[in-house]
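In what follows, a structure is listed as structure tokens, so that the remarks can point back to it.
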Amino acid sequence: MFVTVVLYVGSVVVVVMVTNWIYRWRNPKCNGALPPGSMGWPLLGETLQFFAPNTTSVIPPFVYKRMQRYGPIFKTRRAVIVSTDADLNYLIFQKEGELFLFWYPETFTQIFGRQNVGSLYGLMYKYLKNMVLNLFGPESLRQMLPEVEQASCSALEMWSSRPTIDLKDAAAQMIFDLAAKKLISYESKDSSECLRGNFEAFIRGLISFPLNIPGTAYNKCLQGRKKAMKMLKDMLQERREKPRKTQTDFFDYVLREIERKDTMLTEDIALDLMFVLLFSSFETTSLALTLAIKFLVHHPPTHGRARRHY
Numbered sequence: 000m001f002v003t004v005v006l007y008v009g010s011v012v013v014v015v016m017v018t019n020w021i022y023r024w025r026n027p028k029c030n031g032a033l034p035p036g037s038m039g040w041p042l043l044g045e046t047l048q049f050f051a052p053n054t055t056s057v058i059p060p061f062v063y064k065r066m067q068r069y070g071p072i073f074k075t076r077r078a079v080i081v082s083t084d085a086d087l088n089y090l091i092f093q094k095e096g097e098l099f100l101f102w103y104p105e106t107f108t109q110i111f112g113r114q115n116v117g118s119l120y121g122l123m124y125k126y127l128k129n130m131v132l133n134l135f136g137p138e139s140l141r142q143m144l145p146e147v148e149q150a151s152c153s154a155l156e157m158w159s160s161r162p163t164i165d166l167k168d169a170a171a172q173m174i175f176d177l178a179a180k181k182l183i184s185y186e187s188k189d190s191s192e193c194l195r196g197n198f199e200a201f202i203r204g205l206i207s208f209p210l211n212i213p214g215t216a217y218n219k220c221l222q223g224r225k226k227a228m229k230m231l232k233d234m235l236q237e238r239r240e241k242p243r244k245t246q247t248d249f250f251d252y253v254l255r256e257i258e259r260k261d262t263m264l265t266e267d268i269a270l271d272l273m274f275v276l277l278f279s280s281f282e283t284t285s286l287a288l289t290l291a292i293k294f295l296v297h298h299p300p301t302h303g304r305a306r307r308h309y
């Protein structure tokens, strides 16, 4: 009888402790009022739902379902609040560095590097931002237009001779070649190593479960970044040993900045910045172009108006 009572009391205590733990997990302490939402399962959070594959070209199901249930602003695991509200997002960008600071998950810094521009803030962030604007500011982009037009026309002519093309991949190749030439004077046809191939391995595992075991997408992602960074470092070292008389690309600009006595730039930060610039220049732009063409093809009236306008 005594043993039965002890087991019963012990079971009740365990149930109460587990229930209390789950409640505290789902309702974390906060000095202010948190928006509605779910913290998901203990330990796992909402990771499995977030990484679930989908083929939508609109709002991802993970975000859309929570918008429908909780509204445009909701909380989720990792003490994160997701905002799909345009007014709040505008306020966040306007008050960056004042009311809000950039923050990225640990897996982001592991993938992109701890010295990447997204993980820095304050004076260093403004310093790197100005560096990028010197290369990709309005005036620089205006001067690049003839090169962009020539590359686009050459690509369209080549695509027209093929029975079919993978538009996303073809656009990514075109933009990568242009960006790599502008940033680091890289020509894929003249190189024995495929820089874009390493970026492709990186991209395939970018949104994957962060399990760093050989053979996993996440591990291949890290290996792709490691190989790409080694190529960039070797190129920078070669440029340092054989400097150019005139500044022609971003590597020249970086070397000039590193050699300044009052510089805030280090080689590691410069290489991480170069990696992010190459990635963002071709991956995001090629995806936007692909979706734009897809929507135009699927909406003939809009396609017709666009042709007449341009």
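Residue numbering for the sequence shown follows numbering that gives the first Met the number 0, beginning at 0 and increasing consecutively. Idealized CB from N, CA, C, for every residue including glycine. As the structure is a prediction and not an experimental result, all values here were calculated from the model.
TODO: Check each candidate in N197, F135 and Y217 and name the one with the smallest Cα separation from F107.
DONE: Translated into the one-based positions of the sequence shown, residue 107 becomes position 108. Here the closest residue by C-alpha is Y217.
Task: Neighbourhood of I72 by C-beta distance below 8 Å, restricted to the same chain and skipping five residues each side - done: Position 73 of the sequence shown holds residue 72. Only P34, I80, V81, S82, T83, D84 and L87 meet the Cβ criterion.
TODO: Tell me whether K74 sits in a helix, a strand or coil according to DSSP, three-state version.
DONE: In the sequence shown, counting from the first residue as 1, residue 74 sits at position 75. In the structure shown, the three-state DSSP call for K74 is strand.
Task: CB contact flag (L295, A287, <9 Å) - done: As a working mapping, residue 295 is identified with position 296 in the sequence shown. As a working mapping, residue 287 is identified with position 288 in the sequence shown. Taking 9 Å as the Cβ cut-off, L295 and A287 do not qualify as a contacting pair.
Open item on the list: Do D251 and R259 have their beta-carbon atoms positioned less than 9 Å apart in this structure?
Closed with: The count along the sequence shown starts at 1 and reaches residue 259 at position 260. The count along the sequence shown starts at 1 and reaches residue 251 at position 252. Result no, Cβ atoms of R259 and D251 do not sit closer than 9 Å.
Task: Spatial distance of T55 from E237 (CA atoms) - done: Residue mapping note: residue 55 aligns to position 56 of the sequence shown, counting from 1. Residue mapping note: residue 237 aligns to position 238 of the sequence shown, counting from 1. It is roughly 44 Å from the alpha-carbon of T55 to the alpha-carbon of E237.
TODO: Mind reading off the beta-carbon distance from L270 to L235? Whole number of angstroms is fine, and I expect it under 8 Å.
DONE: To locate residue 270, count along the sequence shown from 1; it is residue 271. To locate residue 235, count along the sequence shown from 1; it is residue 236. At roughly 7 Å, the Cβ-Cβ gap stays under 8 Å, so L270 and L235 are in contact.
Task: The alpha helix (DSSP H) enclosing S151, as first and last residue numbers - done: Here the question's residue 151 lines up with position 152 in the sequence shown. Where S151 is concerned, the enclosing alpha helix (DSSP H) stretches over P137 to S159.
Task: Cβ pair A179, E186 closer than 9 Å - done: Within the sequence shown, the letter at position 180 stands for residue 179. Within the sequence shown, the letter at position 187 stands for residue 186. Against a cut-off of 9 Å, the Cβ pair of E186 and A179 comes out as a contact.
Open item on the list: In whole angstroms, give me the CA-to-CA distance for R141 and L182.
Closed with: Your numbering for residue 141 matches position 142 in the sequence shown. Your numbering for residue 182 matches position 183 in the sequence shown. A straight-line Cα-Cα distance of about 16 Å links R141 and L182.
Open item on the list: Does G204 come out as helix, strand or coil in the three-state DSSP assignment?
Closed with: The sequence position of residue 204 within the sequence shown is 205, counting from 1. G204 falls in the coil class under three-state DSSP.
Task: Distance between P300 and L272 (C-alpha atoms, nearest Å) - done: Taking the sequence shown and counting its residues from 1, one reaches residue 272 at position 273. Taking the sequence shown and counting its residues from 1, one reaches residue 300 at position 301. Answer to the nearest angstrom: the Cα atoms are 42 Å apart.
TODO: Let me know the secondary structure DSSP gives E237 once reduced to three states.
DONE: Here residue 237 corresponds to residue number 238 of the sequence shown, with the count starting at 1. Residue state, collapsed to three classes: helix.
- [ ] Express the C-alpha separation of K293 and G303 in angstroms, rounding to a whole number.
- [x] Taking the sequence shown and counting its residues from 1, one reaches residue 303 at position 304. Taking the sequence shown and counting its residues from 1, one reaches residue 293 at position 294. Distance between the alpha carbons of G303 and K293 is about 14 Å.
Task: Own chain, CB closer than 7 Å to I212, minus 5 neighbours either side, in chain order - done: Counting from 1 along the sequence shown, the entry for residue 212 is found at position 213. Correct list, in chain order: N218.
Open item on the list: Considering just the uninterrupted stretch of the beta strand (DSSP E) at V79, what are its terminal residues?
Closed with: Locating residue 79 in the sequence shown gives position 80, counting from the first residue. V79 to S82 is the extent of the beta strand (DSSP E) around V79.
TODO: For T75, count neighbouring C-beta atoms within 10 Å of its own C-beta (all shown protein chains included) and say buried if the count is 16 or more, exposed if not.
DONE: On the sequence shown, residue 75 is found 76 positions in, with the first residue counted as 1. Buried.
Task: Ordered list of beta strand (DSSP E) runs contained in the region 245-287, each at least 3 residues - done: Runs found: none.
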